[in-house]
Amino acid sequence: MFDAVYRGLESGGCIGIFPEGGSHDRPRLLPLKAGAAIIALGTLARSPDCGLTIIPCGMNYFHPNKFRSRAVIEFGPPVEVHPDQVAAFKLGGNSKRNAVGSLLETIQEALDSVTQQAPDRESLMLIQATRKLYKPLRMKLPLPVVIELNRRLLKGYTTFRHEPKVIQLAKDVRAYNRQLKALGVQDHQVEWGNVRRRPWWLVFLTLLYRIGELLMMGLATLPALALFWPVFVTTRAISHSKQRKALANSSVKMDGRDVVGSWKILVAMGFAPALYTWY
Numbered sequence: 026m027f028d029a030v031y032r033g034l035e036s037g038g039c040i041g042i043f044p045e046g047g048s049h050d051r052p053r054l055l056p057l058k059a060g061a062a063i064i065a066l067g068t069l070a071r072s073p074d075c076g077l078t079i080i081p082c083g084m085n086y087f088h089p090n091k092f093r094s095r096a097v098i099e100f101g102p103p104v105e106v107h108p109d110q111v112a113a114f115k116l117g118g119n120s121k122r123n124a125v126g127s128l129l130e131t132i133q134e135a136l137d138s139v140t141q142q143a144p145d146r147e148s149l150m151l152i153q154a155t156r157k158l159y160k161p162l163r164m165k166l167p168l169p170v171v172i173e174l175n176r177r178l179l180k181g182y183t184t185f186r187h188e189p190k191v192i193q194l195a196k197d198v199r200a201y202n203r204q205l206k207a208l209g210v211q212d213h214q215v216e217w218g219n220v221r222r223r224p225w226w227l228v229f230l231t232l233l234y235r236i237g238e239l240l241m242m243g244l245a246t247l248p249a250l251a252l253f254w255p256v257f258v259t260t261r262a263i264s265h266s267k268q269r270k271a272l273a274n275s276s277v278k279m280d281g282r283d284v285v286g287s288w289k290i291l292v293a294m295g296f297a298p299a300l301y302t303w304y
């Protein structure tokens, strides 16, 4: 297998590698596997002048288990393999292992710069809530800005998380989140609940407008819903069944949302065209 990869890279090709592949729904990356470093060092050992570089790529998902969800892909600066690492790799034995480990650490640092990593899941949820509170009202931030803001808040929180002011702030944000959950509202809906900023008649007119909009949209989507509900029901049932099996058989998955997203796509790709043809 490595020989075929070496030949492809030596000829100027490009390959994509997921060096740990299990952190889709975890707050931080799992330990990297050595394959990426071995491939890079092995290629340069065979062909030092092939110009191989490693491009770190970070994939950040927003609701990956839902159709039409969003994602941001970030590319970091190229990682150059040092000639000393290649020379050590050629020697074999402990020198080879040290070279692989050294390059793997470099790759890890490069991936850290293009991904969001939190100490635990609770911290990640805390940072996301803090970012929503920090964002100015009625301002829609571009997705890359959201990712960068999350990353900076995570860095600051992990550095100063034991400071008294930060501890108190975290308590307040968690209490705010619990109150939102108890009331069944989201953060962006809170502003409309402030009657001091909006008169009662404006809130009432907004309610009437929303009801009218709901009725019109409901009537417009009713034919499509009647025709295509089997696709939605089937994809949901199969994907959640696969999710339960994956969680039972895995020691690293937390929610298995990647399994849900993958099976929704697979089922819809086969079932939807068949259903449309039958109609």
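So the number in the working numbering is just where the residue sits in the sequence shown, counting from 1, plus 25.
C-beta atoms are modelled at their ideal positions from N, C-alpha and C, and glycine is treated no differently.
Problem - Nearest to L116 (by Cα), restricted to the options W254, I132 and L66 - result: L66
Problem - For F43, the first and last residue of its enclosing alpha helix (DSSP H) - result: F43 -> no alpha helix (DSSP H), and no H or E assigned at all.
Exercise for the section: Sort D137, T302, W303 and P167 by Cα distance to P56 and report the nearest one. Expected result: Closest option to P56, Cα to Cα, is D137.
Exercise for the section: Report yes or no: do three or more beta-carbon pairs, one from the region 223 to 238 and one from the region 175 to 194, lie closer than 8 Å? Expected result: The region 223 to 238 is not in contact with the region 175 to 194.
Practice task
Would you kindly work out how many angstroms separate the C-alpha atoms of T131 and V104, rounded to a whole number?
Solution key: 8 Å
Handout entry: Where R186 falls: helix, strand or coil (DSSP)
Key = coil
Handout entry: Supposed contact pair G286 and N90 - C-beta distance, whole angstroms, cut 8 Å
Key = 5 Å
Practice task
Kindly list the residues whose CB is nearer than 7 Å to the CB of V256, restricted to its own chain and excluding five residues on each side of it in sequence; keep chain order.
Solution key: Answer for V256: A293, F296, A297 and L300, listed in chain order.
Handout entry: C-beta contact flag for V198 and L151 at 8 Å
Key = yes
Problem - Bounding residues of the alpha helix (DSSP H) (the contiguous stretch that carries Y31) - result: Taken as a continuous stretch (DSSP letters only), the alpha helix (DSSP H) holding Y31 covers F27 to E35.
Handout entry: First through last residue of the beta strand (DSSP E) which encompasses F87
Key = C82 to F87
Exercise for the section: Give me the Cα-Cα distance between A59 and T259, rounded to the nearest whole angstrom. Expected result: 39 Å
Handout entry: Unbroken stretches of the beta strand (DSSP E), 3 residues or longer, contained in the region 91 to 177
Key = 95 to 100
Exercise for the section: List the DSSP bridge partners of I79. Expected result: V104
Exercise for the section: Give a yes or no on contact between the region 70 to 80 and the region 32 to 50, applying the rule of three or more CB pairs nearer than 8 Å. Expected result: yes
Exercise for the section: Give a yes or no on whether the C-beta atoms belonging to A271 and V284 are separated by under 8 Å. Expected result: yes
Practice task
Note down the Cα distance separating A113 from A124, rounded to an integer number of angstroms.
Solution key: 6 Å
Practice task
Look up M279 in the DSSP assignment and say whether it is helix, strand or coil.
Solution key: coil
Exercise for the section: Could you tell me if S264 is buried or exposed, where buried requires 16 or more neighbouring beta carbons within 10 angstroms of its beta carbon? Expected result: buried
Handout entry: Residue closest to M84, alpha-carbon to alpha-carbon, out of G76, C75, A200 and P44
Key = P44
Problem - Boundaries of the alpha helix (DSSP H) in which S266 is found, first to last residue - result: W225 to N274
Exercise for the section: Return yes when the Cβ of I172 is within less than 8 Å of the Cβ of V97, no when it is not. Expected result: yes
Practice task
Answer yes or no: do G281 and D50 have a C-beta to C-beta separation smaller than 8 Å?
Solution key: yes
Problem - Three-state class that DSSP yields for G181 in the structure shown - result: helix
Practice task
Work out the CA separation of R186 and R223 for me, nearest whole Å.
Solution key: 37 Å
Practice task
Please state whether DSSP places H213 in a helix, a strand or coil.
Solution key: helix
Problem - CB of V170 within 8 Å of CB of P81, strictly - result: no
Practice task
May I have the straight-line CA-CA distance separating L231 from K289, to the nearest angstrom?
Solution key: First, the residue type needs correcting, since residue 231 is Thr and not Leu in the sequence shown. The straight-line gap from Cα to Cα measures roughly 36 Å.
Exercise for the section: Find out if the Cβ-Cβ distance for the pair R176, Q141 is shorter than 8 Å. Expected result: yes
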